[in-house]
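The next block holds one structure in the form of structure tokens; read it before the comments.
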Amino acid sequence: MTFSRMSSLVQKTRLSEMALLFDIKRYAINDGPGIRITLFFKGCPLNCIWCHNPEGISPEKEKMYTLRKCIGCCTCVKACPNEALKFTSEGIVTDANRCKLCGKCAEVCPTKAMEISGTEYSVDYLMKEIEKETLFFDQSDGGVTFCGGEPLMHPDLLKRLLILCGQRGIHRVVDTSLFARPELVMEVALLSELFLVDLKMMDSGKHRYFCGVPNELILSNIRMIAEMGIPFMVRIPLIKGVNTDKENITRSAEFLASLPGIRREVALLPYHDIAKNKHDKLGTLYNQDEVPMSTPSEEEIHHIREIFLRHGITATVGG
Amino acid sequence: MTTIAQRAPKSVSNFASERPQCSLGMNDRIKRLRKESFDATPSLSIERALIETEFYKENYGKYPIPMLRALNFMELCKKKTIYIGKDELIVGERGPKPKAVPTFPELTCHSVEDLHVLNTRDLQRYTISQADIDRYENEVIPYWKGKTQRERIFAHVPQEWRDAYEAGLFTEFMEQRAPGHTALDGKIYRMGMLDFKKQIAGELAKLDFLNDPDATDKQEELTAMSVSCDAMIVFAERHVALALEMSEQEKDPKRAAELKKIAEVCRRVPAHAPQTYHEAIQMYWFVHLATITELNGWDAMNPGHFDQHLAPFYEKEVAAGTLTRDEAKELMSCFYIKVNNHTAPPKVGITAKESGTYNDFVNLNIGGIKADGSDGVSEVSYIMLEVLEEIHLLQPGCSIHISSRTPDRFLREGCKVIRQGHGYPSVFNTDTYVNELMRQGKSLHDAREGGCSGCIEVGAFGKEAYLLTGYLNVPKILEVTLHNGMDPVTGKRASIQTGDPQTFKSFEDLYAAFIKQLHYIVDMKIRVNNYIDKMFAKYAPATLLSVVTEDCITKGRDYYNNGPRYNTTYIQCTGLGTITDSLSVLKKHVFEDKTISMKKLLHAVDCNFEGEEALRQFIINRTPFFGNDDAYADEIAVKVYDDLYDAIEGKPNTKGECFHLNMLSTTCHVYFGKVMGATPNGRLAGKAISDGTSPSHGADTHGPSAVVKSLGKLDQVKSGGTLLNQRFMPSLLKRESDVVKLAQLIRSYFALGGHHIQFNIVDTATLKAAQSTPEDYRDLLVRMAGYSDYFNDMNDDLQQDVIARTENEAF
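In structure tokens:
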């Protein structure tokens, strides 16, 4: 996807009543303080090649097919009103030109091998789901985390949910790329209690290559919220072959150290390639450019932590 | 030899590498004793059977039954081999050596064939020599033929009972072990056997032979109790003699002094009340041995709130400088090893299938609250947790008891041990079970002193006989309902006719038929249980257990004969997840949506879904199942649970009290699954049904918070215990903060009134590897359904069961 197309998505305001989510996760323990429920909004302006939720990138519904779960009963083939499906030796194959994403195939599939990623939920429904977990929020000082995709691509719905949760005293975290208009970032910041922000890499050209967009807007937004004193946590995915080189780590540490306020912590998330499985399901190709990506070794992580430490920043690993 | 302690630290796959490894605090003595206990092979000892058979031949008919039992116990104490092992500090074995298990022919007399099977089977093997088998055949078996408790019971039961029993609709606990499941309160730390004898003499003196028609019975029982006290002292004195003898021959002066100390301790206890921490542990251990020697109670015995009983001794001695924390921990470790030395006696027949384990369910209750309502956690509690973490043996089972006033530190320390993945400790909600006990009519004081004896069932420690009578196969009741009283597995009639299900017009019709079947089965089980209860009261009084159980002395009645202050009878219902999900399928697809006809579903179930995989998958993926915080399924679960309660609760037992509902399964859900065809929820024939009140395996797809919300909808105070097994993948417990969140999850469940929760922290890869190379995973302890067992000691079905449980894998 091109940057210009992404930018237009950023500007697009969705006024629809329904939120398009691709997952709701309960007992989420890696997305902020306490025991949380995490809502995954569909659609993201970035397109990171390692993205482990690739179904979160497109803001539209998508079909996902899991060959391993398919028992070859062909119920879907019979049910498709557009004759878009065919049963082959490699399971069900969808003719993308005929498929209208009506979802009939997923509806009838007995094993859920055929699924539509992306479900529309009303705000009311989501509030009920969130409030089911109140007990755990109370016990653990947890709450709700809005994640994605990019939750800021759904500004109206996000804001309404943030306000409703705020009224009920539910702790609110927004996990965002911060690739969004500064005004919107500020609005959302005022309604939430904590931002989780990714700092993927410092070189804008590389960022554009690996993530589909340059990083100036992201960095300036991070600086902005830091200057406004808005609480946020920085997380860095560590992908060997992409961003674990000494230069990038040092520049990241320098950038964080240069921010106003006390900023002493960063969470390092070592890369894993579970996304491959999801790409298979989406029928898309993982890492098309065959960038050599791997998990950094314990030793490399140790060195990276040391670099941060030299800049007065404690780096934790995981979550 | 690979021992657990020597095994390499857990790999990254199970635990975060940055987590500090637990320090191994076992000293050399404990390491040696532990290794010896771990390596010992369970064997059968015929010594008890020989002594008892000789005694019965000589004396049966000469004495009233209670006296006969007490004198038999005295004979055993006088004649059995006394064992004091190298390095031991706490002494005494039930058999002639560690893991040598006696038999109890007066209850169930093993046949020659049984003995051969036990000697040669792959799992839960008990070795026995051919010479011993021959002696058993010639000296023991002929005498007991026709006289055992088991034969008495089976001679009585009606054909309808047999039909249902053989179909696997329920099991019967007491057909080959004595009713047990007991735990003690604090009285043995205040009174020695001589004090009990004085109390008994006082009661004997008060007997009114003119106005009390039971006076003679009471006299017999009390006299027998007194003899039992003497027998215990004789038993201890023989340890004194052996310890002194060994001390004289001992070349190592340090060990010689230890042996003298052992003699000193055994001279004081159990004759007198203990004065030191060491004596207190030895006191309990002698009482433990005595109760499991006089009879063979289900779930041997348990000290109850051991930390609370020991804390005053510990604190006094530490303050006085006569005991260090390390010494206290060493003695505690010795005690744990002693418990591990005591393998459960082997069973026969159906009971061997449904309870195939070495575990004798000694469940140490750690934490909880005291009788005055204050927090029961002490330094001894932390010592017990440390020992549990370090020693890592099959037994004793340990549980932590959490009330709203239990400090978070204690819960967190417990969660850290849970994270180790040994399966221990399980977690109990003190506030809920105090309510349960009070609902059953116990006083506040007695309820607070209560807890969990073996698996998850609760009772008033030291004051109650709470007998588990057997498991009820609730999904099987639906199966026979769907077949109009026939057992589709055997093709035989197993129950009454309640109508052809294809004629049912509504879900309510079906449910009414199910309830009718339920009541029929429960009533029949109760009828036979009451008979069995009487058999034990008559033929197998437990005169020593009666001494240490409150009110037996003052009432002059036996533990099995309404002697204790409270007398509860439980029926344990198994498979709430399977029955709920099956009913949910019937309700939604057959009667509401009409997407599947009753005929089609019955056909699919009868042919084990062969050729109907699409239907089976549709059911599994498109039905609301229990354990997902889904109102549709959870309402069915609540209804079934309430109806089980109605069917059981309040039915009179033989002691003027009544039956209560329990939701325990131990490993019986595997046996129950084996005797069943496929179920409407898509479960295939022969596969395990769900355990206790846990969701069906794999049905809980919304994570642990949804599971506890679903379970929280059951009004758990109405039961005598529910059971929730929650498999946890190690990835959910990588960081310190994850442990805190686990503690918060537990607190959340308990805020909903949850009774019990336990966690299996294992990864599938490890389990699969363990199946292919078991010798490398001998230490792999898996906790399920109320107990822990070595994975390698489990049969294939159990292993598959563990693997099949939902994995809460989260990235």
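Sequence lines, in order, name chains A and B.
Count along the first sequence from 1, then add 617; that gives the number in my numbering.
Count along the second sequence from 1, then add 472; that gives the number in my numbering.
C-beta atoms are modelled at their ideal positions from N, C-alpha and C, and glycine is treated no differently.
Open item on the list: When you compare the CB of P727(A) with every CB in chain B, is at least one pair closer than 8 Å?
Closed with: Taking the first sequence and counting its residues from 1, one reaches residue 727(A) at position 110. Yes - at least one Cβ of chain B is within 8 Å of the one on P727(A).
Open item on the list: Against chain B, does Y644(A) count as a neighbour if the rule is that its beta carbon must be under 8 Å from one of theirs?
Closed with: Sequence index remark: in the first sequence, residue 644(A) carries index 27 (1-based). By this cut-off, Y644(A) is an interface position.
Task: Every unbroken beta strand (DSSP E) inside the stretch 896-971 of chain B [3 residues or more] - done: 898-901 and 936-945
Open item on the list: According to DSSP, is E789(B) part of a helix, a strand, or is it coil?
Closed with: Taking the second sequence and counting its residues from 1, the one referred to as residue 789(B) is at position 317. DSSP places E789(B) in helix when its eight states are reduced to three.
- [ ] Indicate whether V899(B) and Q1188(B) have their beta-carbon atoms separated by less than 8 Å.
- [x] As a working note, residue 899(B) is residue 427 in the second sequence. As a working note, residue 1188(B) is residue 716 in the second sequence. In this structure, V899(B) keeps its C-beta atom at 8 Å or more from the C-beta atom of Q1188(B).
Task: Own chain partners of I502(B) with C-beta closer than 6 Å, once the 5 adjacent residues on each side are dropped - done: To locate residue 502(B), count along the second sequence from 1; it is residue 30. Close CB contacts of I502(B) within its chain, under the 6 Å cut and outside five residues either way in sequence, are with S805 (chain order).
Task: P742(B) classed as buried or exposed, judged by whether at least 16 other C-beta atoms fall within 10 angstroms - done: Position 270 of the second sequence, counting from 1, holds the residue named residue 742(B). Burial call: buried.
Open item on the list: Could you tell me the alpha carbon to alpha carbon distance between V802(A) and C764(A), rounded to whole angstroms?
Closed with: Translated into positions along the first sequence, residue 802(A) becomes position 185. Translated into positions along the first sequence, residue 764(A) becomes position 147. Rounded to the nearest angstrom, the two C-alpha atoms are 14 Å apart.
- [ ] Report yes if the C-beta distance between P947(B) and T1050(B) is below 8 Å; otherwise report no.
- [x] Numbered from 1 along the second sequence, position 475 holds the residue referred to as residue 947(B). Numbered from 1 along the second sequence, position 578 holds the residue referred to as residue 1050(B). The answer is yes: Cβ separation under 8 Å.
TODO: Output, in chain order, the set of chain A residues within a Cβ distance shorter than 9 Å of P1176(B).
DONE: Within the second sequence, residue 1176(B) is the residue found at index 704, counting from 1. Per Cβ cutoff of 9 Å: R643 and Y644.
Open item on the list: Would I853(A) pass as an interface residue toward chain B - the criterion being a Cβ-Cβ separation below 8 Å?
Closed with: As a position in the first sequence, residue 853(A) is number 236, starting the count at 1. No - not a single Cβ of chain B is within 8 Å of the one on I853(A).
Task: E638(B), DSSP secondary structure in three states - done: As a position in the second sequence, residue 638(B) is number 166, starting the count at 1. E638(B) sits in a helix when the DSSP states are folded into three classes.
Task: Interface partners of A1086(B) on chain C, CB under 9 Å - done: Annotation note: the requested chain C is absent from the structure, which comprises protein chains A and B.
- [ ] Name the two residues that bound the continuous beta strand (DSSP E) containing S871(B).
- [x] Within the second sequence, the letter at position 399 stands for residue 871(B). DSSP places S871(B) inside the beta strand (DSSP E), whose first and last residues are G869 to I874.
TODO: Return the CA-CA distance between F1090(B) and I688(A), expressed in angstroms with no decimal places.
DONE: To locate residue 1090(B), count along the second sequence from 1; it is residue 618. To locate residue 688(A), count along the first sequence from 1; it is residue 71. F1090(B) and I688(A): Cα-Cα distance of roughly 11 Å.
- [ ] Step through the CB atoms of chain B and report whether any lies within less than 8 Å of the CB of L947(A).
- [x] Residue 947(A) lies beyond the range of chain A shown here (618 to 936); nothing can be said about it.
Open item on the list: List, from N- to C-terminal side, the beta strand (DSSP E) runs of 3 residues or more that fit wholly inside the stretch 700-728 of chain A.
Closed with: 702-705 and 708-711
Task: Option in Y1221(B), D1210(B) and D1163(B) with minimal Cα separation from G1184(B) - done: Along the second sequence, read from residue 1 onward, the residue named residue 1184(B) stands at position 712. Ranking Y1221(B), D1210(B) and D1163(B) by CA distance to the CA of G1184(B) puts Y1221(B) first.
Task: Same chain, Cβ closer than 7 Å to S1166(B), neighbours up to 5 away in sequence not counted - done: By one-based count along the second sequence, residue 1166(B) stands at place 694. Excluding sequence neighbours, S1166(B) sits near G1049, L1195, L1196 and N1197.
TODO: Spell out whether any CB of chain B is found under 8 Å from the CB atom of E833(A).
DONE: Locating residue 833(A) in the first sequence gives position 216, counting from the first residue. So, not an interface residue.
Task: Validate contact between the stretch 669-683 of chain B and the stretch 1017-1032 of chain B using beta carbons, cut 8 Å, 3 pairs - done: yes
Task: Where the beta strand (DSSP E) containing M762(A) begins and where it ends - done: As a working mapping, residue 762(A) is identified with position 145 in the first sequence. Here the sequence assigns Thr to residue 762(A), which means Met is not the residue at that position. In this chain, the beta strand (DSSP E) harbouring T762(A) covers G760 to C764.
Open item on the list: Along the stretch 726-754 of chain A, where does the CB come closer than 7 Å to a CB of chain B? Name the residues.
Closed with: The residues in question are P727, T728, K729, K749, E750, L752 and F753.
- [ ] Within the same chain, show all residues whose beta-carbon is closer than 6 Å to that of F1081(B), passing over the 5 residues directly before and after it, in chain order.
- [x] Taking the first residue of the second sequence as 1, we reach residue 1081(B) at position 609. Taken in chain order, the residues that qualify are R1088 and A1150.
TODO: For S1220(B), go through chain A and note every residue whose CB falls closer than 7 Å to its CB, in chain order.
DONE: By one-based count along the second sequence, residue 1220(B) stands at place 748. Within chain A, the residues near S1220(B) are L752, F753 and Q756.
Open item on the list: Here's the rule I'm using: 16 or more other beta-carbon atoms within 10 Å means buried, otherwise exposed. How should D724(B) be labelled?
Closed with: In the second sequence, the residue the question calls residue 724(B) occupies position 252. The residue in question, D724(B), is exposed, as its Cβ has fewer than 16 Cβ neighbours within 10 Å.
TODO: Within the same chain, show all residues whose beta-carbon is closer than 6 Å to that of K717(A), passing over the 5 residues directly before and after it, in chain order.
DONE: For the purposes of this step, residue 717(A) is taken as residue 100 along the first sequence, with counting starting at 1. Contacts found: N699.
Task: Reduced DSSP category for L767(B) - H, G, I as helix; E, B as strand; rest coil - done: In the second sequence, residue 767(B) corresponds to position 295, counting from 1. Coil.
TODO: Name, please, each residue of chain A whose Cβ falls closer than 8 Å to the Cβ of N1232(B).
DONE: Taking the first residue of the second sequence as position 1, residue 1232(B) is located at position 760. In chain order: nothing, as chain A lies at least about 16 Å away.
TODO: Return the first residue and the last residue of the alpha helix (DSSP H) that Q756(A) is part of.
DONE: Mapped onto the first sequence, residue 756(A) falls at position 139. T751 to S757 is the extent of the alpha helix (DSSP H) around Q756(A).
TODO: Return no unless some Cβ of chain A is closer than 8 Å to the Cβ of L940(B).
DONE: In the second sequence, the residue the question calls residue 940(B) occupies position 468. No - not a single Cβ of chain A is within 8 Å of the one on L940(B).
- [ ] Compute the distance between the beta-carbons of D741(A) and T762(A), then report whether it is under 8 Å.
- [x] Along the first sequence, one-based indexing puts residue 741(A) at 124. Along the first sequence, one-based indexing puts residue 762(A) at 145. Cβ distance not < 8 Å, so D741(A) and T762(A) don't count as in contact.
Open item on the list: I believe I709(A) touches Y682(A) by the beta-carbon criterion, under 8 Å. Please report the beta-carbon distance rounded to the nearest angstrom.
Closed with: Locating residue 709(A) in the first sequence gives position 92, counting from the first residue. Locating residue 682(A) in the first sequence gives position 65, counting from the first residue. Indeed they touch by this definition, with Cβ atoms about 6 Å apart.
- [ ] Could you tell me whether the stretch 555-569 of chain B touches the stretch 746-759 of chain B, where touching means 3 or more Cβ pairs closer than 8 Å?
- [x] Result yes; three or more Cβ-Cβ pairs closer than 8 Å.
- [ ] Could you name the residues of chain B that I652(A) contacts, counting a contact when the two beta carbons are closer than 7 Å?
- [x] Counting from one through the first sequence, the residue named residue 652(A) turns up at place 35. Per Cβ cutoff of 7 Å: S1177, K1213, Q1216 and L1217.
Open item on the list: Taking the straight line between their C-alpha atoms, what separation do you get for F658(A) and K863(A)?
Closed with: Numbered from its first residue, the first sequence carries residue 658(A) at position 41. Numbered from its first residue, the first sequence carries residue 863(A) at position 246. Looking at the two C-alpha atoms, the distance is approximately 34 Å.
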